[in-house]
DNA sequence: CTGTAGACTCAGGTCGACT
DNA sequence: TAGTCGACCTGAGTCTACA
């Protein structure tokens, strides 16, 4: 899949799996709800600090998040 | 250590270890030499795509790079 | 609950020149 | 070889509002 879409897909999967709305995730990660929406649709790419924030809320190591994204890219 | 400095330290360690100059790394990763300098000194934070580019050149998985950075932060 | 759009701020990233 | 400075441009991230 397109590299730009990989992180977004992983993010959405994990977020839904953990039963959070975009709004709740955004709130806890100190990010904007519309930005989460952009990320999930591959219209924005995260910075390292954003990845760290999000991983903290989703309770997965940031490294694992990146690992999943890399795996998606190869599909 | 300060979170802003973590990635830079990891980057410098791995780059030196693989015998590359900032300039050579920058060239191969399609980045600017001055930007690598800023990254290593913690004056700039990388985006995900930057991390992916760099990891490709340094021949370590991006996830491992992030893992090392996270570990540094806890020191 | 999510997508979208516009307008905005600031950090990421480039470039050239000098130390 | 690496640091720095200044000017510059793009893209990350916010906010308000509406479908």
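Residue numbers (the UniProt record's numbering), protein chains in the order written: chain A, 1 to 75; chain B, 1 to 75. Note that beta-carbon positions come from the ideal geometry of N, C-alpha and C, so glycine has one too.
Query	Result
C-alpha distance - residue 74/B paired with residue 20/B, whole-angstrom precision	27 Å
Beta carbon proximity, residue 51/A to chain B, threshold 8 Å	yes
Host alpha helix (DSSP H) of residue 66/A (start-end)	62-73
Min CB distance residue 29/A to chain B below 8 Å	no
Same chain, Cβ closer than 8 Å to residue 70/B, neighbours up to 5 away in sequence not counted	6
Buried versus exposed, by CB contacts within 10 Å (16 or more), residue 23/A	exposed
DSSP bridge partner residues for residue 47/A (one or two, in chain order)	47/B
Closer than 7 Å at the beta carbon, the chain A residues around residue 7/B	48
Any C-beta of chain B under 8 Å from that of residue 40/A	no
Local conformation of residue 98/B per DSSP, three classes	With chain B covering only 1 through 75, there is no way to say anything about residue 98/B.
Spatial distance of residue 28/B from residue 40/B (CA atoms)	17 Å
Rounded C-alpha distance that separates residue 49/A from residue 44/B	11 Å
Chain-ordered neighbours of residue 45/A on chain B, where CB pairs are closer than 7 Å	47, 48 and 49
Assumed close pair residue 63/A, residue 67/B - CB separation to whole angstroms, cut-off 8 Å	4 Å
Beta-carbon proximity check, residue 14/B vs residue 52/B, cutoff 8 Å	no
Residues that residue 66/A contacts on chain B, provided the C-beta gap is smaller than 7 Å	62, 63 and 66
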